[in-house]
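Letter by letter, the sequence shown follows residues 13 to 559 in this note's numbering.
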Amino acid sequence: MLSKSPFPGVAGPVALIVLDGVGVSANSAALGNAVAAARKPTLDALFAEHPHILLKAHGTAVGMPSDADMGNSEVGHNAIGAGQIYAQGAALVATAIENGSLWQGSGWREIIAQIKANAASVLHLLGLFSDGNVHSHIDHLKAMLVQARAEGVRRVRIHVLLDGRDVPETSALAYIEPFEAFLAGIACEDFDARIASGGGRQVITMDRYEADWRMVEKGWHTHVLGEGEFFPDCATAIRTLRARHPGISDQDLPPFVIAEAGKPIGAIQDGDAVALFNFRGDRAIEISRAFEERHFDRFDRVRVPQVVYAGMLQYDGDLALPKRFLISPPAIRNTLSEWLSRSGITQFACSETQKFGHVTYFWNGNRSGKFPLETWQEIQSDRIPFEQRPWMKSAEIADAMIDAIKGGSYRFLRCNFANGDMVGHTGNFRAATLAVEAVDLALSRILPVVRDAGGAALITADHGNADEMFELDAQKTPLRNPDGSPRAKTAHTLNPVPLLLYEPGGQFALNALPDAGLAHLAASVTQLLGLERHASWQPGLLTRRQK
13 MLSKSPFPGV AGPVALIVLD GVGVSANSAA LGNAVAAARK PTLDALFAEH
63 PHILLKAHGT AVGMPSDADM GNSEVGHNAI GAGQIYAQGA ALVATAIENG
113 SLWQGSGWRE IIAQIKANAA SVLHLLGLFS DGNVHSHIDH LKAMLVQARA
163 EGVRRVRIHV LLDGRDVPET SALAYIEPFE AFLAGIACED FDARIASGGG
213 RQVITMDRYE ADWRMVEKGW HTHVLGEGEF FPDCATAIRT LRARHPGISD
263 QDLPPFVIAE AGKPIGAIQD GDAVALFNFR GDRAIEISRA FEERHFDRFD
313 RVRVPQVVYA GMLQYDGDLA LPKRFLISPP AIRNTLSEWL SRSGITQFAC
363 SETQKFGHVT YFWNGNRSGK FPLETWQEIQ SDRIPFEQRP WMKSAEIADA
413 MIDAIKGGSY RFLRCNFANG DMVGHTGNFR AATLAVEAVD LALSRILPVV
463 RDAGGAALIT ADHGNADEMF ELDAQKTPLR NPDGSPRAKT AHTLNPVPLL
513 LYEPGGQFAL NALPDAGLAH LAASVTQLLG LERHASWQPG LLTRRQK
C-alpha cells in the first residue's frame with residue numbers, strides 16, 4: 013500500500029480526459045485555428061471559471077531530440093502515464109546512429125550476415141518517407157544506406173510510404189527528388205539502391221490497432237509480391253496519380269510498383285532481409301505480424317518469403333514483436349497505473365480503436381498487459397473517412413465514462429477523445445471544428461456526473477493539431493492553393509496544450525511551474541487521490557487555493 017499524501021484529495025473519483033490534438037494557439041480562426049472557430053460552450057466555461065494553465069507537449073518535454081520536434085500521441089501518452097521524461101524513438105535512433113551502436117547491435121549484424129551469405133540477397137528498407145520525425149526520419153534511412161554500402165551490401169530496394177500528414181500534404185516530391193540525387197551520389201558498380209514501391213500511408217501498410225487489415229494486405233501485395241500498377245520511377249508514379257486524382261493528399265495516394273521490362277524491381281524473395289525503419293510502434297505492429305507470425309489469418313499472404321526481418325525498435329515488448337530489432341525501446345518503469353495498482357486503486361481506461369492503445373499500451377509504459385485492478389474498454393472505430401464523420405465515437409466514449417463513474421467501482425478513470433487529432437490530420441477545417449464541438453458536447457455530459465459523484469477531472473491534450481489547420485508563412489499569412497483556398501496543414505503543432513482543473517469543491521488551484529509538461533500529470537492525479545507520488549516522477553501541479 014502507498015502512503016497517503018499530506019495534500020488532501022477529493023472524496024469521489026478522479027478522471028483524466030485527453031482531448032487528442034487540441035492545442036492552444038494564439039492564432040485566430042481566420043488563420044486556421046479550428047479550436048477557436050468551434051462552438052464549445054463547455055470548454056469556454058472551463059477556461060473562464062476554473063483553474064487552467066498551459067503544458068508543453070513537444071520537444072524535450074516529452075523526450076524528443078530538440079524543441080523543434082513536434083510531439084505525438086505515443087510520446088505524449090508515455091509521458092502522461094509515466095510521470096517521467098524518457099528519451100523517445102527519434103532520440104534513441106539518432107543517438108544510436110551517432111555513436112555507432114546501431115551498427116554493432118545484433119539486429120543489424122543479423123541483417124548484414126543474411127545478405128553476405130547469398131550473393132543474390134537483397135536488403136529491403138520499408139518505412140514512412142519524410143522528416144516528420146513522428147514515425148520515422150529520412151536521415152535514418154540515408155544513414156542505413158550509407159552503412160549498408162560500407163559493409164558490402166550490393167543491392168537495396170526501398171519501399172516508401174508517402175506522408176502528407178506529419179509534413180505538408182503534397183510535399184512528397186520535395187523528398188523524392190533530393191533523395192534520388194542522394195542515391196545517385198552513393199551509387200557505384202557494386203552498390204545498386206533504388207525505390208521499388210510505394211503508396212500513401214493511409215492507404216497501405218500503416219494500419220494500427222487492427223482498424224483495417226485491408227491496408228496491410230494492400231501493402232503486402234505492393235511491397236512483398238510486387239503486385240500493382242507499374243511505373244518507371246517513383247516521381248512519375250506520384251505525378252501520374254496526382255493528375256488522376258486532383259487535390260489528393262500524399263497520405264491517400266494509391267499504391268504503385270516500380271518495374272523494368274514488365275517486372276517489379278523489388279519484390280521480396282526468399283533469402284532477403286527486410287528492415288522497417290519506422291521507430292514508432294502503433295503503425296508498425298501489423299505489418300510486423302504479417303512478416304513474423306507463422307499462423308497468420310488476417311489475410312491471405314499468397315507467398316511468405318523466408319527473410320530476416322527487423323524493426324527499428326521492438327514495437328511491443330509484451331508480445332516480443334518483432335523478435336529482431338535494431339534499437340531497444342526505453343524501459344519505462346513505475347508508471348502511474350502500476351503505482352496506483354500497488355495502492356489498491358481501481359482504474360478504468362476507455363477510448364475508441366484509433367486511440368485505444370494510447371490509454372493502455374503507451375500509457376502503461378509500452379506494455380500490452382493490464383496491471384491489477386485495471387479495466388479497459390475499447391469502442392470500435394468506424395471504417396469511414398474521419399472528415400465524413402467528425403464526431404467519431406465521442407458519444408459512445410462519454411457513455412462508457414458516465415456508466416463507469418455512476419457504477420462507483422473506479423477511483424481513477426481515463427479516456428481519450430481522438431477527434432481533434434484524427435480529423436485534424438485530414439486537413440478539413442470545417443470537419444475539425446465539428447470534431448471539437450463533438451468533444452465539447454461529450455465533456456458537457458461527463459463533467460456533471462463527476463461533480464455529482466464528489467470527484468474531480470483534469471482535462472488536457474497530448475499534442476496540438478486542430479489548433480493549426482492552415483500552412484502559414486513567416487508573416488502568419490495563409491499559404492494558398494492554386495484555386496486560392498488556404499493550404500491545409502495536416503501535421504501536429506508545436507503549440508502548448510491546456511490543463512484544466514474541474515473540481516467543484518474549489519479547494520485547489522494550478523501552479524504554472526516553469527517548463528511544466530505532460531509528465532507532471534501523473535503526480536497531479538495522485539494529488540487529487542490524496543496519495544504520494546513516486547519519487548522518480550515530476551512534481552504535481554496542484555496547490556491549495558488561497559482563502
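We put the beta carbon where it would ideally sit given N, CA and C, even for glycine.
Since we're looking at a predicted model, the values are computed, not measured.
Please report how far the alpha carbon of residue i lies from the alpha carbon of residue j, in whole angstroms.
i: residue 351; j: residue 110; result: 35 Å
i: residue 436; j: residue 512; result: 22 Å
i: residue 427; j: residue 558; result: 31 Å
i: residue 489; j: residue 40; result: 11 Å
i: residue 442; j: residue 46; result: 8 Å
i: residue 370; j: residue 272; result: 43 Å
i: residue 345; j: residue 25; result: 25 Å
i: residue 138; j: residue 542; result: 48 Å
i: residue 115; j: residue 130; result: 20 Å
i: residue 232; j: residue 204; result: 23 Å
i: residue 132; j: residue 348; result: 50 Å
i: residue 373; j: residue 37; result: 29 Å
i: residue 269; j: residue 208; result: 6 Å
i: residue 389; j: residue 381; result: 13 Å
i: residue 500; j: residue 244; result: 30 Å
i: residue 27; j: residue 194; result: 50 Å
i: residue 433; j: residue 201; result: 46 Å
i: residue 525; j: residue 553; result: 7 Å
i: residue 467; j: residue 425; result: 11 Å
i: residue 547; j: residue 340; result: 25 Å
i: residue 210; j: residue 219; result: 15 Å
i: residue 184; j: residue 518; result: 51 Å
i: residue 29; j: residue 292; result: 23 Å
Where does residue i fall in DSSP's three states?
i: residue 359; result: strand
i: residue 205; result: strand
i: residue 13; result: With a pLDDT of 48 at residue 13, under the threshold of 50, the predicted position of this residue should be treated as unreliable, and no value is reported.
i: residue 27; result: strand
i: residue 278; result: coil
i: residue 68; result: strand
i: residue 19; result: coil
i: residue 482; result: strand
i: residue 216; result: coil
i: residue 471; result: strand
i: residue 388; result: strand
i: residue 383; result: coil
i: residue 249; result: helix
i: residue 377; result: coil
i: residue 522; result: strand
i: residue 500; result: strand
i: residue 505; result: strand
Taking 8 Å as the cut-off, is the CB of residue i close to at least one heavy atom of the ligand ZN?
i: residue 406; result: As for the ligand ZN, it is missing from this structure, which has no ligand bound.
With respect to the beta strand (DSSP E) encompassing residue i, which residues constitute its N-terminal and C-terminal limits?
i: residue 269; result: 268-272
i: residue 510; result: 509-514
i: residue 556; result: 554-556
i: residue 80; result: No beta strand (DSSP E) contains residue 80, which DSSP labels as neither H nor E.
Following the continuous alpha helix (DSSP H) through residue i, name the residue where it begins and the one where it ends.
i: residue 368; result: 365-369
i: residue 59; result: 53-61
i: residue 94; result: 85-94
i: residue 352; result: 348-354
i: residue 226; result: 225-231
i: residue 543; result: Careful: residue 543 lies outside any alpha helix (DSSP H) and carries neither H nor E.
Query raised in the report: Taking three-plus beta-carbon pairs below 8 Å as touching, is the segment 63-77 in contact with the segment 96-104?
Result: yes
Query raised in the report: Given 8 Å as the limit, is there contact between the segment 494-508 and the segment 453-465, that is, 3 or more CB pairs closer than that?
Result: With the rule of 3 Cβ pairs closer than 8 Å, the segment 494-508 does not count as touching the segment 453-465.
Report task. Tell me the start and end of each unbroken beta strand (DSSP E) in the segment 390-454 that is at least 3 residues and wholly inside, in chain order. Result -> 424-429
Query raised in the report: What are the complete alpha helix (DSSP H) segments, minimum 4 residues, inside the segment 281-344?
Result: 297-304
Query raised in the report: Three or more beta-carbon pairs under 8 Å between the segment 252-261 and the segment 296-312, yes or no?
Result: no
Query - Contained beta strand (DSSP E) runs [length at least 3] in the segment 127-194, N- to C-terminal order - result: Fully enclosed beta strand (DSSP E) runs of 3 or longer: 135-141 and 167-174.
Query raised in the report: Does the segment 138-147 touch the segment 177-184, meaning 3 or more C-beta pairs lie closer than 8 Å?
Result: yes
Requested in this report: Take every Cβ of the segment 360-367, pair it with every Cβ of the segment 409-417, and state whether three or more of those distances are shorter than 8 Å.
Outcome: The segment 360-367, when compared against the segment 409-417, does touch it at the 8 Å Cβ threshold.
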